[in-house]
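Structure first, then comments.
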Amino acid sequence: VVYEQDGVFIHSSCGKNDDQDSLIAGILRVIEKENEVVVDWRPLDETLDTSNILCAGKDSSSVVEWTQTPKEKCFRGTDRPSSYEAEWDMVSTVSFKKKPHSNGDATTHANGESKWSFLFSLTDLKSIKQNRKGMGWSYLVFCLKDDVKLPALHFHRGDSKLLIKCLEKHVALDESPDHERVLLVKTQKSLSQSFENLLDEPSYGLLQKLKRDPYTVTMGRFSKVTNYIFDSFRLSDPSNQRRPPSEMADLINDTIPGLKINQQEEPGFEVITRIDLGKQPEVSRREPVSAEEWAKNMDSEGRILDVDYIKRSIFKGGLCHTLRKEAWKFLLGYFPWNSSKEERANLQKRKTDEYFRMKLQWKSVSEEQEKRNSRLRDYRSLIEKDVNRTDRTNKFYEGEDNPGLILLHDILMTYCMYDFDLGYVQGMSDLLSPVLYVMENEVDAFWCFVSYMDQMHQNFEEQMQGMKTQLIQLSTLLRLLDSGFCSYLESQDSGYLYFCFRWLLIRFKREFSFQDILRLWEVMWTELPCQNFHLLLCCAILESEKQQIMDKHYDFNDILKHINELSMKIDVEYILCKAEAISMQMMNCKELPQAVSEILGIESSSVTPDSDTGEDESGAELNCPASLYQSISTPVIAANGTSDSTQQMSETQSLTPA
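Counted from 1, the sequence shown has number 179 at position 179 by UniProt numbering; the numbering is strictly sequential.
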């Protein structure tokens, strides 16, 4: 509890001050939780039981009752695992229903308790209306983002200034240009315009939340739900018939306007009929590239002798951790592959100067200037919020006043100066965290992050074009791989693959352990064996879970719940093997559809080595170094983790772990 004030009244019957029931005394609290900050008011005679929470509706004839579900009661009573940052994976199980209410008076429970109590998260706050100065005791009216106005709170003991100061620590408040008595909550506007077409029906709680905060909700709710989605789509009156599943899918599709998977009007769309891809080859992985192996591939001036060999080796086995600090700079494009040691040193000097010039730009902004720069203020507020919950269980970021957190904050603020149009969008801290952890250097981490964001930029843009494209491409690949599974997903209204949204947005960051993500990312950064290898990783995970999903007849909710529960349980080496095997399966296909060829960067007019003989039967070749198919005379590790120092990888084995 960061704020508490008694003597805060609701005047339930304006103009009836002689009526004892017109004043309801209560206690107002601001409560800081792990995942959010909430404002809580309840009458003095009520306990802290939050099973029934009411707030005033848009008109005087009703109130909105927030009814807690059994799952939420259980959730409130247990501590969350410390490995989760709650706002990203929180399951929200609040449902909404109207309660008849007349004459603006407080209603009571059967046990006599008042039902004026309310509680709301600061993320839902839109504005605060204050009374005129010098006009009696002070009061505040909270208005939420869906235009629900809460009852006015009258401060009979002291004024409301302390509350405003407390709230300003968590949200940015600005005086409205139209009404001097109204304080507006300044929120990040990035992406919000993409959700303007959502339904305005209050009963569609999920869609309303998507409109207000698309990234938090999509990452948190689409991937972490039980019965929440369908509950959110049900009409307010439980007697009304539930909307048909097909309509639910259409409503979900509306959250990302323009996303039409496998529709004829989609540019480049191609009908994919059932094609026999043949058996998936066995694929093995090798040991990580060692510092000694890396050094042997450098000349006297520090130039890499065989770039293709190094990339191929990293793809097949990753890097030992001591090598990552240097190798990642090449993989991410910060260092040119053909540069000498001296050229890289000069580059770092220039980039250091450039970085600190940009850092000085935001560091030198005075408080007065920042008051007139709402965008910078919004960026700073969101960055501070996200930094404080990013990988806090990792020793590099744990504890208070951790220097790693300070660097994380400063790099993200400086990135806002580098790309002010994009600025900061939730999720970017997840991409920076592993990079900073490996680099242990502010400047190097910044420029590596810039290079990574160049790849990921479209994922975070307002129109979400990158996410739309990837979901469409993933559907195309999955349909070729297993049309039956795709048909099953569609029959359960899951054909849009929204449960993969978080995987794609932040490249599986929340699905694997921190150390596994380091391995996964460096493999993907080699850009081998084809374009969009991360989509094949998605296919590999889904194909691994297909049997359980279909055998147990999972429905819409079950699928979402199951996919969510895979987090931190996926074997990274197994999935890398399987994804590579899928890539070979597709590359060796004689009748690969044009749409798939384009997604994977395969030239259908060329040829690729046959998986058994090396003959050019498939009629497809990858747009990647031919040396990928050359042998690697190094020990390999099979998918089960065993080592075989005698096994040599041939043309096909270089692409195939067991």
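The beta carbon of each residue, even a glycine, is placed where N, CA and C say it ideally should be. If you're wondering where the values come from, they're calculated on a predicted model, not measured in any experiment.
Quiz item: Taking buried to mean at least 16 other C-beta atoms within 10 Å of its own C-beta, is K371 buried or exposed?
Solution: Burial call: exposed.
Quiz item: Can you tell me where the alpha helix (DSSP H) with A152 in it begins and where it stops?
Solution: Note, A152: premise wrong, no alpha helix (DSSP H); not H, not E.
Quiz item: So what's S121 in DSSP terms, helix, strand or just coil?
Solution: Strand, per DSSP.
Quiz item: Pick from M584, Y574 and L528: whose alpha carbon is nearest that of S313?
Solution: Considering only alpha carbons, the answer is L528.
Practice problem: Assign F9 to one of three DSSP states: helix, strand, or coil. | Solution: Strand at F9.
Practice problem: Report all residues from its chain with a CB closer than 8 angstroms to the CB of R417; omit the five preceding and five following residues, and keep chain order. | Solution: In the sequence under discussion, the amino acid at residue 417 is Met, which differs from the Arg named in the question. In chain order, M358, K359, Q361 and W362 place their CB closer than 8 angstroms to the CB of M417, counting only its own chain and leaving out the 5 sequence neighbours on each side.
Exercise. Could you have a look at M464 and say whether DSSP puts it in helix, strand or coil?
Key: Three-state DSSP puts M464 in coil, outside helix and strand.
Exercise. Spatial neighbours of F512 within its chain, please: CB distance less than 8 angstroms, with the 5 preceding and 5 following residues excluded, ordered by chain position.
Key: Here the set comprises L520, M568, I570 and V572.
Quiz item: In terms of alpha-carbon separation, which member of N388, Y498, L277 and K311 lies closest to E34?
Solution: Nearest to E34 by C-alpha distance, out of N388, Y498, L277 and K311, is N388.
Quiz prompt | Nearest candidate by alpha-carbon position, reference Q492, set I472, D444 and L560 | solution = If we check each option's Cα against that of Q492, L560 comes out closest.
Exercise. Rounded to whole angstroms, what's the CA-CA distance from H409 to S487? Just pull it up for me.
Key: Looking at the two C-alpha atoms, the distance is approximately 45 angstroms.
Practice problem: Return helix, strand or coil for C577, following the three-state DSSP convention. | Solution: DSSP places C577 in the helix class (H, G or I) of the three-state scheme.
Quiz item: What's the call for K224, buried or exposed, on a 16-neighbour Cβ count within 10 Å?
Solution: Here K224 scores only 36 on pLDDT, less than 50, and its place in the model should not be relied on; the value that follows carries that caveat. Buried.
Practice problem: For E354, name the three-state secondary structure that DSSP assigns. | Solution: In the structure shown, E354 sits in a helix (DSSP, three-state: H, G or I).
Quiz item: How far does the alpha helix (DSSP H) with V307 in it reach, from first residue to last?
Solution: V307 to G317 is the span of the alpha helix (DSSP H), which, as asked, contains V307.
Quiz item: Taking 9 angstroms as the CB-CB limit, is S513 close to chain C?
Solution: Here chain C cannot be found, since the structure has a single protein chain.
Practice problem: Give me the Cβ distance between R285 and L576, rounded to the nearest whole Å; I'm assuming they're in contact under 8 angstroms. | Solution: Correct: roughly 7 angstroms between the Cβ atoms.
Quiz item: DSSP three-state call for R324: helix, strand or coil?
Solution: Looking at R324 - three-state DSSP - the assignment turns out to be helix.
Practice problem: Jot down the residue ranges of each uninterrupted alpha helix (DSSP H) in the segment 474-556, minimum 4 residues, whole runs only, in chain order. | Solution: The segment 474-556 contains these whole alpha helix (DSSP H) runs: 483-491, 501-505, 514-525 and 533-551.
Quiz item: By how many angstroms is the C-alpha of L481 removed from the C-alpha of M467?
Solution: When rounded, the separation of the alpha-carbon atoms in M467 and L481 is 21 angstroms.
Quiz prompt | Distance between beta carbons of Y415 and V435, contact taken as under 8 angstroms | solution = Going by Cβ atoms, the distance from V435 to Y415 rounds to 12 angstroms, so no, they are not a contact pair.
Quiz item: By a C-beta neighbour count over all protein chains shown, 10 Å radius and 16 as the cutoff for buried, is P403 buried or exposed?
Solution: P403 should be labelled exposed.
Quiz prompt | Beta-carbon gap between F142 and K149 smaller than 9 angstroms | solution = Their beta carbons are under 9 angstroms apart, which means F142 touches K149 by this criterion.
Practice problem: Measuring alpha carbon to alpha carbon, tell me which of F446, F315, A327 and L323 ends up nearest D353. | Solution: The shortest C-alpha to C-alpha distance from D353 to any of F446, F315, A327 and L323 is the one to F446.
Quiz item: Going by alpha carbons, who is nearest to W41 out of L23, E32 and F9?
Solution: Ranking the options by Cα distance to W41, first place goes to F9.
Quiz item: Buried or exposed: which applies to I256, given that a residue is buried once 16 or more other Cβ atoms fall within 10 Å of its Cβ?
Solution: Model confidence at I256 stands at a pLDDT of 43, short of 50, so the residue's coordinates are unreliable and nothing is read from them.
Quiz prompt | CB contact flag (D145, V182, <9 angstroms) | solution = What sits at residue 145 in the sequence shown is Lys, not Asp. Remark: C-beta atoms of K145 and V182 do not approach each other more closely than 9 angstroms.
Self-check item: Option nearest I406 by Cα separation, candidates D419, E384 and F420
Solution: Residue E384 is the option with its Cα nearest to I406.
Quiz item: Since K351 and V443 are thought to touch, with beta carbons under 8 angstroms apart, how far apart are those beta carbons, to the nearest angstrom?
Solution: Yes, they are in contact, since the Cβ atoms of K351 and V443 sit about 6 angstroms apart, within 8 angstroms.
Exercise. Work out the CA separation of K316 and Q280 for me, nearest whole Å.
Key: Rounded to the nearest whole angstrom, the C-alpha separation of Q280 and K316 is 17 angstroms.
Self-check item: Beta-carbon proximity of M171 to K161, cut-off 9 angstroms
Solution: A small correction: the amino acid at residue 171 is Val; Met does not occupy that position in the sequence shown. No, the pair does not count as a contact, with Cβ atoms beyond the cut-off.
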